[in-house]
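Report on the following structure.
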Amino acid sequence: MKKMIDSHIHLDQYTYEDRKEMQNDQTLAYAIAVSMNLSSSQKNFQLSKEFDFIKPAYGFHPEQVMPSDEEISQLLKWIEDNHESMIAIGEVGLPHYCRLEHPELYPLEPYIELLEQFLLMAKKWNKPIILHSIYKEAPIVINLLEKHNYNHAHFHWFKGKDKTVEHLKANGYFLSFTPDILYEENIQKIAKQFPLEQIMVETDGPWPFEGPFVKQKTMPSMIHHTIKEIARLKNEKTLSVYEQLFHNTTNFYRL
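Under the working numbering, the residue at position 86 of the sequence shown is numbered 100, and the numbers go up by one with no gaps.
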């Protein structure tokens with residue numbers, strides 16, 4: 015049986031029935047449940063107790079208004095108190111899409127400062143860090159990782175310049191690809207450029223997809239299509255790609 019791991023999914027945003035369906039998917043070994051904020055982290059913590067396949071990551075998603083100092087303190091303290099239960103710090107990073115619309119509402123500096131705190135926590139506990147970092151903000155994140163000499167980094171659903179992709183590759187960071195690899199040429203180009211040994215797969219569910227997935231609920235089972243497309247782009251045997259991606263993810267997350 016071809017086993018896979020969803021390396022980035024917002025499981026707290028699904029229904030109980032959806033999660034049961036995932037649990038019954040014999041091909042899904044694990045799902046890395048990333049968090050949006052404190053309440054999301056707490057929900058994923060609880061879900062990991064209910065479902066063996068769920069491995070929680072705690073953090074603050076950057077595509078939202080910066081939390082207050084008190085909210086940051088509460089989140090960081092909660093993570094400190096519960097870090098032994100987490101597989102990683104995540105999802106954390108820098109805002110991009112919200113800054114395109116309202117840059118004045120999302121000054122980068124506070125987000126950089128918060129990200130640095132998350133990075134120091136990941137380093138302190140030797141945990142992976144799951145990054146939302148794309149386009150022009152990605153070099154800032156790379157600089158932070160280099161500053162603290164920490165390379166246990168997973169850049170999820172990455173988009174950016176060839177130069178940045180080469181920098182990510184050289185530093186040994188990991189990228190993960192979503193089902194949009196089936197219809198987005200820029201994503202296909204990155205997949206061809208990046209070493210198979212540094213690749214994982216994800217859904218970022220419940221985010222919806224286009225192409226052959228229009229109007230479908232995003233579920234980890236879609237990853238089988240992603241893996242087959244990676245094999246096609248890399249001109250590799252599908253089974254060997256399944257095995258390599260599974261090895262990559264279990265090694266990276268110490269599963």
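For each residue, glycine too, the CB sits at the ideal point set by N, CA and C. Keep in mind it's a predicted model, so treat the numbers as computed, not measured.
For residue i, which option in the options has the closest C-alpha, if you only look at C-alpha atoms?
i      : options                        : result
PHE169 : PHE65, LEU189, GLU224, TRP221  : LEU189
THR192 : GLU243, HIS166, ILE154         : GLU243
LEU210 : TYR72, SER147, LEU259          : LEU259
TYR111 : TYR149, MET214, GLU94, LYS203  : TYR149
GLU98  : PHE59, LEU108, GLU85           : PHE59
VAL155 : LEU108, GLN230, ASP218, ILE241 : LEU108
GLU77  : GLU115, GLU64, LEU89           : GLU115
PHE67  : ILE93, ILE103, ASN96, ASP20    : ASP20
ILE46  : ASP26, ASN38, GLU35            : ASP26
TYR28  : VAL79, GLN212, LYS57           : LYS57
MET50  : MET80, SER235, GLU198          : MET80
THR264 : GLU250, ASN249, ILE213         : ILE213
PRO226 : PRO234, HIS239, VAL215         : HIS239
Along the chain, where does the alpha helix (DSSP H) that runs through residue i open and close?
i      : result
MET135 : 122-139
PRO226 : Neither: PRO226 is in no alpha helix (DSSP H) and is coded neither H nor E.
SER62  : 52-64
PHE260 : 252-267
LEU182 : 176-184
ILE19  : Unbroken run through ILE19 is the beta strand (DSSP E), 18-23; no alpha helix (DSSP H).
LEU196 : Taken as a continuous stretch (DSSP letters only), LEU196 belongs to no alpha helix (DSSP H), as it is neither H nor E.
TYR28  : Run containing TYR28: none; DSSP gives neither H nor E here.
Is there a Cβ from chain C that is less than 8 angstroms from the Cβ of residue i?
i     : result
ILE23 : In the structure shown, chain C does not exist; there is a single protein chain.
State buried or exposed for residue i, treating a residue as buried only when at least 16 other CB atoms are found within 10 Å of its CB.
i      : result
THR41  : exposed
ALA184 : exposed
ARG268 : exposed
GLY186 : exposed
HIS22  : buried
PRO121 : exposed
HIS261 : exposed
TYR44  : buried
MET15  : exposed
LYS229 : exposed
Using DSSP's beta-bridge definition, name the partner residues of residue i.
i      : result
GLY107 : HIS146
ALA47  : ILE23, PRO70
ALA205 : According to DSSP, ALA205 bridges with nothing at all.
PHE169 : LEU145, LEU189
LEU42  : MET18
Tell me which same chain residues have a C-beta within less than 7 angstroms of the C-beta of residue i, skipping the five on either side of it?
i      : result
GLN202 : ILE195, LEU247
ASN165 : LEU159, ASN185, GLY186, TYR187
THR232 : THR217, GLY219, PRO220, TRP221, PRO222, PHE223
MET135 : ILE93, ILE103
LYS137 : HIS162, TYR164
TRP139 : HIS97
GLN37  : PHE65, PHE67
GLN88  : LEU52
What residue does the beta strand (DSSP E) around residue i start on, and which one ends it?
i      : result
VAL215 : 213-215
LEU159 : Segment 152-161 is the alpha helix (DSSP H) holding LEU159; no beta strand (DSSP E) there.
TYR72  : 68-72
HIS239 : Careful: HIS239 lies outside any beta strand (DSSP E), inside the alpha helix (DSSP H) at 237-248.
LEU90  : That residue, LEU90, is in no beta strand (DSSP E); its alpha helix (DSSP H) goes 83-96.
SER190 : 188-191
Spatial neighbours of residue i within its chain, please: C-beta separation below 6 angstroms, excluding the five flanking residues on both sides.
i      : result
GLU105 : VAL48, GLY73, HIS75, ILE144, HIS146
LYS14  : In the structure as shown, the chain starts at 15 and stops at 269, and residue 14 therefore has no counterpart that could be examined.
TRP171 : THR192, ASP218
GLU151 : LEU108, HIS110
Identify, in the order they occur along the chain, each residue of the same chain with its Cβ nearer than 8 angstroms to the Cβ of residue i, setting aside the five sequence neighbours on each side.
i      : result
LYS173 : ILE148, TYR149, ASN200, ILE201, ILE204
ILE126 : LEU108, ILE154, LEU158
PRO124 : MET80
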